[in-house]
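Visitor:
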Amino acid sequence: MTDSPISDSPPQDAPAPDAPLETAQPEADQPQTAETKGAKAGKAKAARPPRDAAFAVLERLFQLYPKMFGARFLPLKLGVYQELLAAHPEDFKKEDLKVALGLHARSTRYLEAVAAGHKRHDLSGEPVEDVAPEHVHHAIMEVFRRRQARSKEDLRPWVRSRLVVAIEASGLSRDEFTERVNAKDELSIAVLDEAFAELAEQTAKREAVRRAYEASGKTPEEFADMYGMDLKVVKAALKSR
């Protein structure tokens, strides 16, 4: 397929599926008869890994909903699993669909969409609701960890700036946001503290710009020109009042 985002091999970002409850033990060396070969083939077919079936499901989802399972990933609305089962009972088995959606939602591209603050979308690609702040925070931290593991560059400035945006978008106070995300590990707590410190600094700078502007008696354009500031920065500071 030319445009399908589904590859024949599992994406490197996707976590391995849970190990099966029972694993086959190596069989003792013995002569291979037609009967034993046939039995082994039957077992292999019956024990097809869940991930193989999941990729077939993802391929079908791409065909049915290219806006949501195509080249661009967007956060899915809550309850989409039940909606898909109800709409396509002949296409999907419950467990295969569950595994497929799990792989999709744990992929780096999907997490990047959540981390970017995009809204949840329905199957037709229409935005329907915000992603909860704690889910955005989780996605930001997971993307950061994956990127940092592959990069020699310190990516803390990126994660701080992304957290600042997420905190502002949530509309929550520091205590409320901290309680919602419930960060427990040392790294998450540290970068969240850094993000709040950066946000406080930005807020103080915007307040200083607003006060200077109000005292100047100038238009935003004149004020920006007088102080050599970017007009967009001035307007953003005034808008945040």
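By the count of the working numbering, the sequence shown reaches residue 343 at its end, each step adding exactly one.
Note that beta-carbon positions come from the ideal geometry of N, C-alpha and C, so glycine has one too.
Source: prediction; values computed, not measured.
Can you tell which of Leu-225, Val-238, His-237 has its C-alpha closest to the C-alpha of Ala-189?
Guide: Answer by Cα proximity: Leu-225.
Visitor: Can you tell me which of Glu-185, Ala-156, Gln-184, Ser-209 puts its alpha carbon nearest to the alpha carbon of Asp-198?
Guide: The shortest C-alpha separation from Asp-198 is found at Ala-156.
Visitor: In its own chain, which residues sit with a C-beta less than 7 Å from the C-beta of Leu-257, not counting the 5 before and 5 after it?
Guide: So the list reads Phe-246, Arg-249, Gln-250, once near-sequence residues are dropped.
Visitor: Quick one: grab the DSSP three-state call for Val-267.
Guide: Note: Val-267 maps to helix in three-state DSSP.
Visitor: If I follow the unbroken beta strand (DSSP E) through Pro-191, where does it start and stop?
Guide: Neither: Pro-191 is in no beta strand (DSSP E) and is coded neither H nor E.
Visitor: When you compare only the Cα positions, how much space is there between Gln-132 and Arg-153?
Guide: Residue placement at Gln-132 cannot be trusted, given a pLDDT of 44 that sits under 50; what the coordinates show is reported in the next sentence. Near 31 Å, if we compare the C-alpha coordinates of Arg-153 and Gln-132.
Visitor: Note down the Cα distance separating Ala-339 from Glu-231, rounded to an integer number of angstroms.
Guide: Distance between the alpha carbons of Ala-339 and Glu-231: 27 Å.
Visitor: Can you list, in chain order, the residues of its chain with a C-beta nearer than 7 Å to that of Phe-325? Leave out the 5 residues immediately preceding and following it.
Guide: Around Phe-325: Tyr-315, Ser-318, Val-336.
Visitor: Can you check DSSP and say which residues form a bridge with Leu-163?
Guide: Paired residues: none, contrary to the question.
Visitor: Using only the alpha-carbon positions, how far apart do Val-350 and Glu-192 sit?
Guide: Past the edges of the chain, shown from 103 to 343, lies residue 350, and the structure says nothing about it.
Visitor: Which residue marks the beginning of the alpha helix (DSSP H) containing Glu-303, and which one marks its end?
Guide: Run containing Glu-303: 288 to 318, per the alpha helix (DSSP H) assignment.
Visitor: Got a sec? Which residues, its chain only, sit under 6 Å from Pro-229 by beta carbon, not counting five neighbours each side?
Guide: Only Lys-221, His-223 meet the Cβ criterion.
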